[in-house]
Amino acid sequence: MSDEHEHKLEAKSDYTADASSVGASDIDAVPEAELPDQDLYHSHSWWTTYVFSQDAKYIGIQYALTAIGTGLLGLVLSWLMRIQLAFPGLGLLEPAAYYQFVTMHGMIMVIYLLTALFLGGFGNLLIPLMCGSRDMAFPYVNMLSYWAFVVAVLVLLASFFVPGGPTGAGWTLYPPQAITAGTPGSNMGIILMLISLILFVAGFTMGGLNYIITVLQLRARGMTLMRMPLTIWGIFTATVLALLAFPALLVGCLMMTLDSMLGTSFFMPAMVSMGEKLSYDGGSPILFQHLFWFFGHPEVYIVALPAFGIVSDLLSVHARKNIFGYRMMVWAIVGIGALSFFVWAHHMYVSGMNPWFGFFFATTTLIIAVPTALKVYNWIITLWRANIQLTLPMLFSLAFIVTFLNGGLTGLFLGNVTVDVPLSDTYFVVAHFHMVMGIAPILVVFGAIYHWYPLITGRMLNETLGKIHFWVTFVGSYAIYFPMHYQGFVGVPRRYFEIYESPYIETSTLVLNQFITIAALIVGAAQLVFLYNIITSARLGKKSEKNPWKANSLEWHTPQMPPEHGNWGKETPKVYRWAYDYSVPGAKEDYIPQNVPPSEVIGAKVEKT
Amino acid sequence: MPVTVAVAFLLITVGSVVFHFWSPWWWTEVASNWGGMDDTIILTFWITGFVFVVICLFVSYCVWKFAYRKDRIAEYKPEDNKLEKRLTWITTLGVAALLAPGLVVWNNYVTVPENAYKVEVFAYQWGWKYRLPGDDGVLGKTDIRYISDENPFGLILEDPNGKDDRLVDGDELHLLLDRSVKFELRTIDVLHNFYVPQFRGKMDMVPGIITYYWITPTKTGDYEVLCAEYCGSGHYAMRGRVIVDKEQDYKKWEAKQITFEKMLVQNKKNKNLQLAKSNK
Amino acid sequence: MDQSSIEKLPKGWKSIPNDLGSDQTAFKGVQWGKAMMWIFLLSDTFIFSCFLISYMKGRASTVVEWPNPSEVFALDFMGVPVPLLLIAIMTFVLITSSGTMALAVKYGYEKNKKMCGWFILLTAIGGLTFVGMQAFEWSKLIHEGVRPWENPFGAPQFGSFFFMITGFHGTHVSIGVIFLFIFARKVFKGDFDTGKRGYFTTMKSDYVAIEILGLYWHFVDLVWVFIFAFFYLW
Amino acid sequence: MSDNIDTNKEKKTSTHKIGIYLWIWGLLFVLSFFSYMVDWYQFQGLLRWTLILIFMFLKAGLIMAFFMHLFWERYALVNVLLWPMTAIACFVGLMVAEGKYTVFTRFIYFVLGE
Ligand code: HEA
Ligand code: HEA
Ligand code: CUA
Ligand SMILES: [Cu+2]
């Protein structure tokens, strides 16, 4: 939870204690290195260079590609679901298959795509580079982390091929239904899912420890926490959340595995299944829900916080303006992270838990909206009197603001217990979380890829294709999910294979469904444009300059681009300022990189360092 | 380019508002005492809608007004404590304005009136049954282990309160207009959720415990029951009916429902008949 | 950062903003491996907390009598059933091994190869004894008919939680024992004095590793304190 | 705080006098013995639970503070490790309430004679 920041950090650049040893007149002074240079691992075979690589950048790319590959499967599943919903007459899917696809879609998107992409992918790529380190603290463990993730993905995919197919329990995996007859994949499928999750958690823990220690203990000289780019803050806090939230998932998974395989009754009360009395007795299904959401709510912030961080950087770089209220932004990230452990049961207002919890959780849930709101304000104030370059990353960031705002505000509906009662488990919820999680962070992912692609490949992505991709994705996905809220008002429940005739559901609602599906298919197709762009530009794209966006943060200031093993050549960089000195009055250029010493920009009237 | 983008964002904002007011999709008219929920939603809509529009307009204005020009330099202003404080307070107030009425309604929702009529809603994969308390006004206790062909509801035979319970072995429930009713929600297998969109109320049914909520039907009519918690492949087809009647119709329907005692007797007889048949 | 410059930094509450707001490292003088172990243990604490919370919730919500652990875990000593006898001994064994581990760490820092190695071995033997007694305890219960899914003395959850939680803890102990043996060997071989590079990680060996291992071992003991209180005494 | 710094310049890190470890070790034995006695004398109800908790926290505190050296660590580390426990505390508190609620409804609806 990173409560270390209970106490206000000093953001000023006066180097306490150590500064006294250096002459005060020396304005370029940076504290002595506290640690010897990192002992790097040097690969010496094809296997250790390209497969079991221990270079964080390389692991990051491996992570990202694996995650995106899995994500594409999730995307295809969503098409199949949508087609079924809109055109039930086609008879494309059986109910069982539909539910299996919903489950796999949800789980893949949340865990195997977004969590892995943001933390494993962007975390590995950016943390060492942005902190000015040579590599992660424990490269070997880092490598294991990736391969554990690969195994987790393989187990997940394997569940498509076992008898009974993958689990169809919904991504929330609620027992008793997850492991009893009547739910597709209640034998092998769910077991493989649980095993895959356990592997994922184990693998993630190895990676996560790396990210945390690297950020805390391994920064370049001069890089105080309060000078780190917000990207790092977001990823770092999300990692802390993950390390503290995944345990609940792990425990829930283990207990459910035992319930299913050994016949224990942790979550299983005495019950009848398909007319047959089962031997379970006395367990509590709600306990699982508490465990799941104690993990699940922080999890949604795990995918949101890195997006918050990255988008802050994208906005600032491409608006040529410092991020407004940096300190507030950091506190907000940390505060949201900490609070996210106290709101979990807002997913359970109508779960039959102790009804008095509603008061507590409604209050904490709405409190968490305050720091989130501040972030939104600071993003838009950053645009005020800026010098906005409408590059692709900027476009995606702007779209993020709108979609996140929309989704966040519908979160306020759901967070307010009373309002949640009619809306819970309807398409309103589906619309809420796709807006806030399925689009907003995904848009940031795209923006980030357009932004950092040159850093990885040394080439730029094609602008025109990018523009097509942007407009179709943004407008299209808004068109998918905005109307979906209104289906929720009508009362259409989620996880319905088919709505069919109902006295209160007008036929027009079904027409709306068809509209949504068509929009989804178009948006999906636009992703192919993007993939094409990524693949072809790696070879054929325009060569990028060294720092194409004129950004301040360290990753653009390595001796080589793309950076080589060890990142920094002979010496790690020294940092003199925060990452947001754009358009400083008195400076010659409209940006001052973090590693430019004050003596080189004498005239610049820098306020925050 | 900046103009196009600004206009696009403007259109999206305006489009959202237009869609909100003019699209045909909206909630069904409320048929219970929970109009308060609708009111809270409306209040939330006004507050959040206002914020949404303001922020979106602000963004498109900035995109248009502060578009990149080589000769211009952005403002350099890292922090503005006063502004940030003000924004924090405004947001806190806005949030409190949403929360307060919400909590009041929730308090009503979880506090069942003393005189509420109790009905058991009985869910299974994938259908509904109901149980009325009978003349003593008390529902008998139940136990999964007692469930059998003769005792489909699993009433505990030793419990005298259960004898006169009326069992509704079908998915249609009648309710008396304007009488508060407390649904005692029971499931014998997995999670379900008893949801009638027009009543607004909702609560999961959890095996191993009894959950509840209460409503007062305020409009006669024929309503569809949906299962609103995923319960396996048949989830989407798990429908039922609730009919809100005036006194007379209700009495007629109630009288037709068989009591537990009668059912036991009948089942015994059936069994004898069957035995006689198979002996032949 | 060496010890003497750390000494000069502010202390007490003031040290928090100073350290966290400072350059390069947030935990002054804490080696990476040690910091990592601490964070890992924090995460592991959440795992055990979730187990224990689930157990308490399960125990609180069962309508069947919860067996009295005092009787279930009683052991006949010269014909008299002594409550919790085995558990008490196990507790003492684990604390003993924690003590020896603390001494091993101390001698490790003093680069006292011999004492360090022997104390690690002692600790490992303590751990083995503990695991052995646990195995005995399991077999005794299984013999009496307790299973993960049922339990002749009352609520079935008793058996489920017992096997799961002690099993998970026992796994931790066993892993610890394996590492203790490995490290004892490394100490005696002198790897920590020569800074020999590790086989897999190719990183230099350092006596800090003993402290890190110690943290893990003490944590295992720490968890047992909670299991003892909540499972056996409650 | 670190009053046990070894003055020997060659050593990189401070070590602590052996006495302190032996002391803590002894205390842990005594406390374990006490908690065992809680069961031996079959204290019941509130008294039992309070005593169990007190001894438990004392033991845990001693192990963490001295065996795991937290007492000598800088506050930054200590705080980072301890603050997250508030989330656990919240979880514990709510699950106590939840457990009571569950058993309450079970007795009301499923168990005859309560
Ligand atoms: C990235 C993921 C993400 C994020 C960031 C959020 C953010 C929020 N979510 Fe969401 N949520 C999900 C992902 C996410 N959610 C998912 C996946 C589910 C469904 C899981 C499932 O069941 O399958 C879900 C479900 C869900 C529910 C349960 C609904 C139900 O099942 O019945 C609730 C209820 O409280 C909720 C609330 C909130 C709130 C209050 C926020 C807040 O954090 C939002 C805060 C942001 C803002 C409020 C916008 C900015 C604010 C302003 C500009 C100021 C506004 C000013 C005033 C009000 C004056 N969410
Ligand atoms: C990040 C999470 C995420 C994302 C991106 C999506 C994307 C989509 N989702 Fe999904 N969805 C969930 C998370 C997500 N979803 C979850 C958690 C559930 C709940 C499951 C459950 O109930 O158990 C759910 C459920 C769900 C339902 C409800 C099913 C039901 O209740 O019956 C529907 C129905 O329309 C749906 C549709 C879609 C569509 C059409 C898309 C998309 O097609 C939208 C358009 C596409 C994009 C915006 C591009 C996305 C990009 C990628 C997927 C990755 C590729 C990456 C690169 C190329 C870099 N989803
Ligand atoms: Cu019953 Cu869904
Ligand atoms: Cu949530």
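These protein sequence lines map, in sequence, to chains A, B, C and D. Mapped onto the working numbering, the consecutive letters of the first sequence carry residue numbers 0 to 608. Mapped onto the working numbering, the consecutive letters of the second sequence carry residue numbers 502 to 781. Mapped onto the working numbering, the consecutive letters of the third sequence carry residue numbers 1485 to 1718. Mapped onto the working numbering, the consecutive letters of the fourth sequence carry residue numbers 498 to 611. By construction, the Cβ of each residue, glycine as well, lies at the ideal position given by its N, Cα and C atoms.
- Rounded to the nearest angstrom, the gap between the Cα atoms of Val613(B) and Val555(B) is 41 Å.
- Within 10 angstroms of the beta-carbon of Thr463(A) lie fewer than 16 other beta-carbons, which makes it exposed.
- Residue range Pro284 to His317 is occupied by the alpha helix (DSSP H) that includes Glu298(A), with no beta strand (DSSP E) assigned at that position.
- Within chain A, the residues whose beta carbon sits less than 7 Å from that of Lys703(B) are Val349, Val420, Pro421 and Ser423, listed in sequence order.
- Taking the Cα of Trp1497(C) as reference, the smallest distance to any Cα among Met582(D), Leu574(D) and Val608(D) is reached at Leu574(D).
- Sequence-ordered contacts of the segment 722-742 of chain B with chain A read Asp723, Tyr724, Glu725, Leu727, Cys728, Ala729, Glu730, Tyr731, Cys732, Gly733, Ser734, Gly735, His736, Tyr737, Ala738 and Arg740 [C-beta pairs closer than 9 Å].
- Between Ser423(A) and Lys703(B), the gap from beta carbon to beta carbon is short of 8 Å.
- With respect to the 8 Å criterion, Phe469(A) and Leu373(A) are not classified as neighbours on the basis of their beta carbons.
- Here the distance from the Cβ of Gly167(A) to the nearest heavy atom of ligand 2 is not below 7 Å.
- By the rule of a C-beta closer than 5 Å to any heavy atom of ligand 3, the residues picked out are His693(B), Cys728(B), Cys732(B), His736(B) and Met739(B).
- Going by C-alpha positions, Asn608(B) is about 18 Å away from Leu544(B).
- For Pro127(A), the enclosing alpha helix (DSSP H) covers residues Asn123 to Cys130.
- With respect to chain B, the C-beta atom of Leu609(D) has a partner C-beta closer than 8 Å.
- Taking 8 Å as the threshold, the shortest C-beta distance from Ile744(B) to chain A does not fall below it.
- Interface flag for Ile689(B) against chain D is unset, since no Cβ pair is found closer than 8 Å.
- Within chain B, the residues Gly709, Ile710 and Ile711 have their CB atoms less than 9 Å from the CB of Arg603(D), given in chain order.
- Residues of chain A whose Cβ lies closer than 7 Å to the Cβ of Gly671(B) do not exist, since the nearest Cβ in that chain is about 18 Å away.
- Short of 6 Å from the beta carbon of Gly281(A), and not among the five residues preceding or following it, lie these beta carbons of its own chain, in chain order: Ser264.
- With respect to Gln216(A), Asp134(A) sits apart: the two C-beta atoms are not nearer than 8 Å.
- Ile1604(C) and Leu193(A) have their C-alpha atoms roughly 37 Å apart.
- In chain order, Ala1519, Met1520 and Ile1523 make up the part of chain C whose C-beta sits under 9 Å from the C-beta of Ile211(A).
- Of the candidates Ala1572(C), Trp1622(C) and Phe1665(C), the residue whose Cα lies closest to the Cα of Ala1608(C) is Phe1665(C).
- Of the other Cβ atoms in all chains shown, fewer than 16 fall within 10 Å of the Cβ of Val508(B); this residue is therefore exposed.
- Per DSSP, Phe546(B) is one residue of the alpha helix (DSSP H) stretching across Gly536 to Lys566.
- With fewer than 16 other CB atoms across the displayed protein chains lying within 10 angstroms of its CB, Pro584(A) is exposed.
- Looking only at Cys130(A), Val140(A) and Ala66(A), the smallest Cα-Cα distance to Leu153(A) is reached by Ala66(A).
- Thr364(A): member of the alpha helix (DSSP H) spanning Phe356 to Leu382, first to last residue.
- Residues of chain D whose Cβ lies closer than 7 Å to the Cβ of Lys1541(C) are, in chain order, Met592, Glu595 and Gly596.
- Distance from the C-beta of Ile309(A) to the nearest heavy atom of ligand 1 is not below 7 Å.
- In the three-state reduction of the DSSP assignment, Pro718(B) falls in the strand class, which pools E and B.
- According to the DSSP assignment, Lys583(B) belongs to the alpha helix (DSSP H) that extends over Asn582 to Val611.
- Shown here is that no member of the segment 521-539 of chain A has a Cβ falling below 8 Å from a Cβ of chain C.
- Exposed is the label assigned to Met534(D), since fewer than 16 other Cβ atoms lie within 10 Å of its Cβ.
- Here Val620(B) is buried, its C-beta having at least 16 other C-beta atoms within 10 Å.
- Gln593(A) does not reach chain B, its nearest Cβ partner there being about 15 Å away, counting only Cβ pairs nearer than 9 Å.
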